[in-house]
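Per our numbering, residue 3 is the first one in the sequence shown, and the count goes up by one each step.
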Amino acid sequence: MEGKKILKIAKGELQDNAVWFMRQAGRYLPEYDSLKAGRQFVDFLNDPKAIFEVSSLPLKYIDVDAIVVFTDILLPFTRMGYRVKYENGISVIRDEKEELDYYHSLSAGIERISEGHPEKTIIGVVGGPFTTLSYLYDGGDGGYRKTKEKLISSELETLSLLTDKIVEFAKSQSDAGADVIQVFDSWVGNVSETFYMKHIREMESRFLERIKALGKPVIFYSEGSSHLYRQFLELEPDVYSIDWRVDLDRFRDICNDCIVQGNLDPNILGADDRYLRDETRRIMKQGSKFRGHIFNLGHGVKPWTDWKKLALIAKEVHKFER
């Protein structure tokens with residue numbers, strides 16, 4: 003079996019069938035709750051053994067080609083005098099006493115993953131600047147009013163520091179053994195093209211350059227951002243992760259020589275097996291026309307998902323004839 007397939011596809015060295023799923027290490031898996039065993043989510047993030055176990059858990063049920071590191075994109079705030087609370091929604095609050103060294107635990111967890119599963123591509127994750135900042139000012143609220151106001155007023159000191167900490171977060175994962183870094187600027191699609199060009203593009207371009215300088219392939223994902231795809235091309239990530247709203251054949255009109263990832267709708271995973279096989283083959287056929295394609299969902303796995311559906315999809319991906 004070809005080792006590190008997704009890494010090789012992301013580097014443009016291989017065209018082959020490969021699959022992983024965003025949020026594949028999550029609550030939908032049968033043993034997740036027992037692993038959690040009454041502990042808070044934040045406890046997992048500071049436990050190398052738990053990071054290894056939860057990150058590796060999908061392999062027991064689904065034939066995926068990558069392990070995505072079980073972590074949280076908001077951890078950079080803990081290096082800025084903030085604490086992240088996960089009870090009753092997500093909130094970022096000032097707390098100069100936050101002293102837990104999540105990065106050390108994360109690095110140790112990734113090292114365990116690398117030792118335990120050397121054949122799998124390890125995918126580290128970070129948030130994009132806009133998305134991460136929005137949790138500080140808007141708490142993930144869909145309007146992102148306060149975040150936009152900060153960018154308009156050019157109050158960028160916090161953003162500049164946060165960007166530095168996100169890069170450190172990526173570096174800690176890369177140094178520990180992550181093969182690929184996926185950047186989730188999931189919510190930047192909530193701004194207009196004009197706003198993006200005026201207030202975000204230059205900052206995001208510099209940020210991506212710093213992530214790419216770590217020497218690992220970079221996957222860039224943003225949800226509901228088809229109006230910004232031409233701007234994203236200028237960022238030049240190694241792989242463009244496309245959400246489910248966009249037909250891959252349409253994306254070829256923008257870039258037919260790209261490496262892409264995606265893009266099955268996660269909201270249809272309750273459909274019958276035949277439908278899911280047909281949709282998987284359709285996406286694989288479209289993806290095969292690009293320079294490279296990694297099968298994935300167009301967003302993360304939903305908590306209600308039956309893991310057997312993902313196992314079926316992964317099997318269909320691997321047997322697809324190009």
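Each residue gets a CB set at the ideal place from its N, CA and C atoms; glycine is no exception.
- According to the DSSP secondary-structure assignment, Thr80 is paired through a beta bridge with no residue.
- In the DSSP annotation of this structure, the continuous segment of the beta strand (DSSP E) that includes Ile261 starts and ends at Ile261 to Leu266.
- Every unbroken stretch of the beta strand (DSSP E) spanning 3 or more residues and falling wholly within the stretch 137-208 is given here in chain order: 182-186.
- When beta bridges are read from the DSSP output, Arg96 appears opposite Tyr84.
- Annotation for Ile53: the continuous alpha helix (DSSP H) segment containing it runs Pro50 to Ser58.
- With contacts defined by Cβ atoms closer than 8 Å, Ser243 and Ile221 form a contacting pair.
- The shortest CA-to-CA distance from Phe43 to any of Pro60, Tyr104 and Ile11 is the one to Tyr104.
- Remark: C-beta atoms of Val182 and Lys218 approach each other more closely than 8 Å.
- In summary, Leu164 is buried, with 16 or more beta-carbon neighbours lying within 10 Å of its beta-carbon over all protein chains present.
- Around the beta carbon of His301, 16 or more other beta carbons sit within 10 angstroms, so the residue counts as buried.
- The stretch 240-306 is shown to contain whole alpha helix (DSSP H) runs of 4 or more residues at 250-253 and 275-289, in chain order.
- Within 10 angstroms of the beta-carbon of His229 lie fewer than 16 other beta-carbons, which makes it exposed.
- The stretch 244-261 makes no contact with the stretch 197-216, as fewer than three CB pairs between them are under 8 Å.
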